[in-house]
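See structure below.
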Amino acid sequence: MEGLKLSLDRSKQGRFAPTNYVKGPPTQSYHDNLRDDVQYITTFLNAGWTNDVMTIANMIYLAQLTERVPILPMFTPSHLPKEAGMIPFGDVFDVPRLAKDLNMPILEWRDVKGQNSTTLDSMGCWSAWMASVDGNEPRESLTTDQLKLDVSYTSIPRSIKLNQDNNPHLAIQRLMALGFPSGRTNALDQNRPHPSPGRGDILEPSDHVLCFDFLYYLSVDRDYEWEYDWSPQWRFVGKHIHWAPAMEELAKRYVNRHFGLPENGPIPPFISAHIRRGDFKHACPEVNGGCLPSVKQLRRRVNEVKQGLAEKGIHTDLVLITSDERDQAWWEEERALGYTWIDHEALRTDEIHGLWYSPLLDAVFQSMGVGFVGTDGSTFSLIAERRVQDWHGGVAARLRWRGVPPEEL
């Protein structure tokens, strides 16, 4: 893909440099580059970009619990045209800073296996998805195709589920047992491997590289616990996943140019907003998204954030919105309130940088606000809210729409 190129030499990162945890440069077969004295963990992705970020945070948290070195997959274009291609985690987020903050080594698959490798590697992995949905097929992912992995899956035991019901969440404290001999033996006594789709290999899950098909639905205490401020996955991992310097610098230039300021200067204090409407319309019993938050509610929430900021001594009338709404009349209502937005189509963002960059930059814009207004039920909003609160000590509010009386929309 066409995008920003990182010049950072990751071999100069001290004791957490990737070169300390593999045998050498990326190899044609990943097997040839793994050190015998290091245990690893990885997962694959297929849940939409924000949910994939949460999945990776879940996996890193599991790596901490099992004392393994995580190997991070590339992001897949599950919510973008396939021609967008893959984008490495480290092109979006600051991996050296993450390793330093977490005091642990972190690898990417591009550190292990050549990105242009033509070698099909056999691999044994656990399927968390089979247990989550009580099914017989693993979760499919473009990750395994991109990495040239032919995976034989074994279902984890159903007893690892958080609750024995139709809820897909798994208990992370039970799942971690698979990274140790006793838990592994117990699980293999309950389920047998499925043949891999390519060669038909039947392989037990690797103990050297503890791997899973899907780790989005992981919890410690209750389902969707990322919604809570005490979420360990956020507190111990997620909040330390900061933007790659090049990505953040590009976003700063966009924001300053938008507000008529020097591109290389400090960004002004502003309130960011994410107003999700497109697919949420289908959740409304009324036609045309009749249950979605009104412009009046947005103004009310923005004013709540302004008041909270004023109590902190911060005053701003700058409101930068992002939304998937396509109705031009709706946008004109926002304009009438004095709210503004960055028009990626007019600025040719995707044409210049690649198809990933419109949503990625929107996420960075949201995280830069001193205040934030998000949409209830959107993980894109949720993570932006967490970033504004924990990175900047900011103030946040949510647009409510589920089960809200019409007069309060």
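FYI, in UniProt numbering the residues of the sequence shown are 1 to 409.
Cβ coordinates follow ideal geometry from the N, Cα and C atoms, glycine included.
For clarity, every value in this text was computed on a predicted model and none was experimentally measured.
Report yes if the C-beta distance between residue i and residue j is below 8 Å; otherwise report no.
{"i": "E108", "j": "F89", "result": "yes"}
{"i": "T340", "j": "V319", "result": "yes"}
{"i": "D201", "j": "S122", "result": "yes"}
{"i": "M130", "j": "S152", "result": "no"}
{"i": "D376", "j": "L399", "result": "yes"}
{"i": "L178", "j": "L210", "result": "yes"}
{"i": "V373", "j": "V295", "result": "no"}
{"i": "G124", "j": "S29", "result": "no"}
{"i": "I41", "j": "A57", "result": "no"}
{"i": "S141", "j": "D213", "result": "yes"}
{"i": "D94", "j": "A244", "result": "yes"}
{"i": "S132", "j": "L170", "result": "yes"}
{"i": "G371", "j": "I267", "result": "no"}
{"i": "L98", "j": "I172", "result": "no"}
So, helix, strand or coil for residue i, using DSSP?
{"i": "R387", "result": "helix"}
{"i": "I172", "result": "helix"}
{"i": "P406", "result": "helix"}
{"i": "A397", "result": "strand"}
{"i": "H353", "result": "helix"}
{"i": "K148", "result": "coil"}
{"i": "L271", "result": "The sequence as given places Ile at residue 271; Leu does not occur at that position. Reduced to three states, the DSSP call for I271 is strand."}
{"i": "I321", "result": "strand"}
{"i": "G371", "result": "strand"}
{"i": "M1", "result": "Residue confidence is low: M1 scores 37 on pLDDT, short of 50, so the model does not pin down where it sits. Its coordinate-derived value is still stated next. Here M1 sits in coil by DSSP."}
{"i": "F93", "result": "strand"}
{"i": "F75", "result": "strand"}
{"i": "T119", "result": "coil"}
{"i": "S358", "result": "helix"}
{"i": "K239", "result": "helix"}
{"i": "E137", "result": "coil"}
{"i": "L218", "result": "strand"}
{"i": "E108", "result": "strand"}
{"i": "L142", "result": "helix"}
{"i": "L250", "result": "helix"}
{"i": "I60", "result": "helix"}
{"i": "K161", "result": "strand"}
{"i": "L34", "result": "strand"}
{"i": "E263", "result": "coil"}
{"i": "Q13", "result": "coil"}
{"i": "residue 410", "result": "A question about residue 410 goes unanswered here, because the residues of the chain that appear run from 1 up to 409."}
{"i": "N46", "result": "coil"}
{"i": "N167", "result": "coil"}
{"i": "H392", "result": "helix"}
Is it buried or exposed for residue i, if we count other Cβ within 10 angstroms and need 16 for buried?
{"i": "residue 483", "result": "Examination of residue 483 is not possible in this model, given that the chain is present from 1 through 409 alone."}
{"i": "E2", "result": "In this prediction, E2 has a pLDDT of 38, which is less than 50 and means its spatial position is unreliable; what the coordinates show is noted afterwards. Its Cβ having fewer than 16 others within 10 Å, E2 is exposed."}
{"i": "Q307", "result": "exposed"}
{"i": "W391", "result": "exposed"}
{"i": "Q328", "result": "exposed"}
{"i": "N46", "result": "buried"}
{"i": "I352", "result": "exposed"}
{"i": "H194", "result": "buried"}
{"i": "E407", "result": "exposed"}
{"i": "K82", "result": "exposed"}
{"i": "N136", "result": "exposed"}
{"i": "K5", "result": "Legend: pLDDT at K5 = 40, less than 50; position of this residue unreliable, no value from coordinates given."}
{"i": "W230", "result": "exposed"}
{"i": "residue 420", "result": "This structure gives no information on residue 420, because the portion of the chain shown stretches from 1 to 409."}
{"i": "F380", "result": "buried"}
{"i": "T118", "result": "exposed"}
{"i": "F16", "result": "buried"}
{"i": "K113", "result": "buried"}
{"i": "G265", "result": "exposed"}
{"i": "R276", "result": "buried"}
{"i": "A283", "result": "exposed"}
{"i": "H240", "result": "buried"}
{"i": "N116", "result": "exposed"}
{"i": "S367", "result": "buried"}
{"i": "A346", "result": "exposed"}
{"i": "residue 424", "result": "Absent from the model: residue 424. The displayed extent of the chain is 1 to 409, so no value can be given."}
Based on the DSSP secondary-structure assignment, which residues constitute the bridge partners of residue i?
{"i": "Y40", "result": "V69, V209"}
{"i": "C125", "result": "Y153"}
{"i": "T19", "result": "Its beta-bridge partners do not exist; DSSP assigns none."}
{"i": "K340", "result": "First, the amino acid is wrong: residue 340 is Thr here, not Lys. Per DSSP, L320."}
{"i": "T55", "result": "In the DSSP output, where bridge partners are listed per residue, T55 has none listed."}
{"i": "K113", "result": "T27"}
{"i": "I87", "result": "F75"}
Between residue i and the ligand SAH, is the CB less than 7 Å from at least one heavy atom?
{"i": "A63", "result": "As presented, the structure is devoid of all ligands, the ligand SAH included, so that no description of it is given."}
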